[in-house]
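Residue numbers (our numbering): 138 to 336.
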């Protein structure tokens with residue numbers, strides 16, 4: 138790990154949170170701090186939330202909405218994040234703490250990061266991935282993809298989120314194809330899986 142990465146971890150208040158280590162089937166095998174898991178590339182449980190709404194509106198999506206009528210909320214990672222800073226990702230990405238369910242953690246982190254309340258979260262799917270970064274850190278996650286809506290207008294924590302934007306499914310598909318480098322390593326898979334399920 139580079140000195141810059143170590144300093145970034147040291148400045149992260151969640152660096153000492155215990156993450157849930159898992160095997161390839163998402164069975165718990167132990168715990169590790171966030172710093173240790175990312176420094177050593179340990180497979181751990183994570184989640185990615187995708188918030189949706191009808192295009193151009195603030196209301197929660199209705200079951201009758203057609204896919205082309207939906208927008209997804211993208212979040213730009215804050216400049217101070219110790220990896221993937223400034224890149225775009227799905228609405229909220231994080232990890233459940235030891236003893237916490239994925240669903241409980243997802244509701245908690247949407248509130249903490251985005252300043253709004255998630256509603257109707259449900260899990261779409263899960264997948265494992267590994268991404269190594271130039272600073273020596275590694276994301277090795279068993280990632281649960283959840284979709285839902287949010288009540289109220291987001292008021293994001295600037296230490297977590299640099300910007301937010303709503304994007305239609307068609308525009309997102311085009312951006313993923315044309316500008317994949319604008320996204321964090323896990324985001325194209327998360328967003329592609331979400332779009333496929335929403336369709």
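For glycine and all other residues, C-beta sits at the position ideal for the given N, C-alpha and C.
Keep in mind it's a predicted model, so treat the numbers as computed, not measured.
What are the boundary residues of the alpha helix (DSSP H) that residue i is part of?
{"i": "residue 242", "result": "239-251"}
{"i": "residue 175", "result": "171-177"}
{"i": "residue 183", "result": "Here residue 183 belongs to no alpha helix (DSSP H); instead the beta strand (DSSP E) covers 181-191."}
{"i": "residue 311", "result": "306-315"}
Any idea what DSSP makes of residue i, helix, strand or coil?
{"i": "residue 233", "result": "coil"}
{"i": "residue 257", "result": "strand"}
{"i": "residue 321", "result": "coil"}
{"i": "residue 336", "result": "coil"}
Span of the beta strand (DSSP E) holding residue i?
{"i": "residue 211", "result": "207-214"}
Where DSSP assigns a beta bridge to residue i, which residues make up the other side?
{"i": "residue 159", "result": "165"}
{"i": "residue 226", "result": "212"}
Quick one: which unbroken alpha helix (DSSP H) runs of 4-plus residues sit fully inside the segment 259-303? Chain order, please. none
The segment 243-263 contacting the segment 184-194, beta-carbon criterion three pairs below 8 Å: yes
Mind the definition here: the segment 280-288 touches the segment 234-254 only if three or more C-beta pairs lie below 8 Å; say whether that holds. yes
Below 8 Å, how does it come out for the segment 154-161 and the segment 225-236: are there three or more Cβ pairs, yes or no? yes
Is the segment 247-256 in contact with the segment 268-278, if contact means three or more CB pairs nearer than 8 Å? no
Taking 8 Å as the threshold, find out whether the segment 216-228 comes into contact with the segment 306-321 through three or more Cβ pairs. yes
Three or more C-beta pairs below 8 Å linking the segment 205-215 and the segment 299-317: yes
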